[in-house]
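So the mapping is simple: our numbering equals the position in the sequence shown, first residue as 1, plus 42.
Worksheet: the structure to be examined is printed underneath.
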Amino acid sequence: MNFYLATSFIFPRSLRMRIFFLCFAATHVPLLVYTVWGLATGRIAAVAFWLLLTATAGGAVLALLGIGALLAPIEKLADALGDQDGDQDGEEEGEGGHDMSRAQDLIQKLYNGVHRARRSTDKTMRELDLVAHEDMLTGILNRRGFMKKINSLPASQRHGCFAILDIDYFKQVNDEMGHDEGDRVLRALAGRLSEQTRRADIVARWGGEEFVVFFNGVIETEACWALERIAWRMQGDPIGRIKGRPITFSGGVCRWVEGDLTGSLIHADEALYEAKRNGRDQVCTAVALTPAR
């Protein structure tokens, strides 16, 4: 890289001519040495000199043709990657701290194209990762994103409570008011959960009309209190109404301490269905399966 940059002043816009120039200079070293020796000693032979000069020139032409043929695929690759005049990539430093802005030839063009392709790929990967872990309707995490977030928690934060929530009579919302209203209700509840939980807590859409919340570092009673506050607000400031009644939710809570993650979520789900069997609009804990409100 250092040699490439050091010679960039030679035909700075043509890598082919720069390579040819270096090859031409190198292949003429024997002729130059012979000429200097012949002039110094007076033993230069005209026939031998012209023969050597002709052979060297012919070799230089063949070298130029060969270099052009070898560089042709690289030029096509650079064209395929795309080139933009004045691209700021050329002013950035390459790997290892090399300043590529000094070069303006095929290598720079190729470098710019590869650099843009890498940035585009990184952006696409970030977007795909976001799509894979975010619920597109509500903007909060989906089930996969929730599990990834939980599994990435440090050991000091791997305890708390899981709460699985289900909107009561959600089918009636879709049947009587349409799926657009159902989508709005889902977004509204997602917003309430995100706004009224702590930054340390994790909120996600579990699937359908179900949501899951991880209350970080709390016990069942504290998790139930947090859900009660959300439920009380939904009574006074409802996210929607079914047959004139505010939309409510049922919930199941289970404590989790570093261990069986799947088991804790299953117990929270069982507590949720117990709450629904008990009449809905309440939260049950997995320990006693008794209403928390």
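Where is the CB? At the ideal position from N, CA and C, for every residue including glycine.
Practice item. Have a look at GLN199 and ILE182 and give me their C-alpha separation to the nearest angstrom. Key: 21 Å
Point to revise | Whether GLU237 touches ASP208 by CB criterion (8 Å) | key: no
Practice item. Classify LEU94 as helix, strand or coil using the three-state DSSP reduction. Key: helix
Practice item. Give the secondary structure of THR327 by DSSP, where H, G and I count as helix, E and B as strand, and everything else as coil. Key: strand
Point to revise | Assigned secondary structure, GLU312 (DSSP; H/G/I helix, E/B strand, else coil) | key: helix
Review point. Should LEU231 be labelled buried (16 or more other beta-carbon atoms within 10 Å of its own) or exposed?
Key: buried
Practice item. Can you have a look at GLU262 and say buried or exposed, based on whether 16 or more other CB atoms are within 10 angstroms of its CB? Key: buried
Check your understanding: If you count every other CB in all the chains shown that lies within 10 Å of the CB of ALA197, and 16 or more means buried, which is it?
Key -> exposed
Review point. Would you call the stretch 266-277 and the stretch 318-326 in contact, with 3 or more CB pairs under 8 Å?
Key: yes
Check your understanding: Which residue or residues does DSSP assign as beta-bridge partners of ALA345?
Key -> Past the boundaries of the shown model lies residue 345; the chain is included only from 43 to 335, so the question cannot be answered.
Exercise for review: Please say whether GLY202 and GLY259 have beta carbons closer to each other than 8 Å?
Suggested key: yes
Point to revise | Span separating the alpha-carbon of ASP210 from that of THR290 | key: 6 Å
Exercise for review: To the nearest angstrom, report how far apart VAL355 and PRO115 are at their CA atoms.
Suggested key: Residue 355 is absent from the structure shown; the chain starts at 43 and stops at 335.
Practice item. Find the nearest neighbour of ARG229 within the set VAL254, THR180, PHE204 and GLN214, judged by alpha-carbon distance. Key: THR180
Practice item. Quick one: grab the DSSP three-state call for ILE192. Key: helix
Check your understanding: If we ignore side chains and look at the alpha-carbon of each, how far apart do MET142 and ALA246 end up?
Key -> Model confidence at MET142 stands at a pLDDT of 49, short of 50, so the residue's coordinates are unreliable and nothing is read from them.
Review point. Which value, in whole angstroms, describes the spacing of the CA atoms of LYS318 and SER194?
Key: 32 Å
Exercise for review: Can you grab the Cα-Cα spacing for the pair GLY342 / TYR315, in whole Å?
Suggested key: Nothing about residue 342 can be read from this structure; the chain reaches only from 43 to 335.
Practice item. Decide if SER162 is buried, meaning its Cβ has at least 16 other Cβ atoms within 10 Å, or exposed. Key: exposed
**Study point:** Other residues of its chain near GLY341: CB distance less than 6 Å, five sequence neighbours each side excluded
**Key:** The shown model of the chain, from 43 to 335, leaves out residue 341, and the question about it has no answer.
**Study point:** Residue closest to ARG240, alpha-carbon to alpha-carbon, out of TRP248, VAL255 and ARG60
**Key:** VAL255
Check your understanding: For LEU269, which residues from the same chain have a beta carbon less than 7 Å from its beta carbon, with the 5 sequence-adjacent residues on both sides left out?
Key -> ALA205, GLY293 and VAL325
Check your understanding: Three-state secondary structure (DSSP) at PRO115?
Key -> helix
Practice item. Pick helix, strand or coil for GLY249, following the three-state DSSP scheme. Key: strand
Check your understanding: Buried or exposed: ALA265, going by 16 or more other Cβ atoms within 10 Å of its Cβ?
Key -> buried
Practice item. Consult DSSP for ILE7 and reduce its assignment to one of helix, strand or coil. Key: Outside the displayed span of the chain (43 to 335) sits residue 7, for which this structure offers no information.
Point to revise | Proximal residues to ALA310 (C-beta, below 7 Å), its chain only, five neighbours per side dropped | key: PHE204, ALA205, ILE206, GLY294, VAL295, CYS296 and ALA328
Exercise for review: May I ask you to report which of helix, strand or coil DSSP gives LEU183?
Suggested key: strand
Point to revise | Alpha-carbon spacing of ARG60 relative to PHE66, whole angstroms | key: 10 Å
Practice item. Please look up how many angstroms separate the CB atoms of ALA111 and PHE62, rounded, as I've assumed it's under 8 Å. Key: Rounded, the Cβ-Cβ distance is 12 Å, inconsistent with contact.
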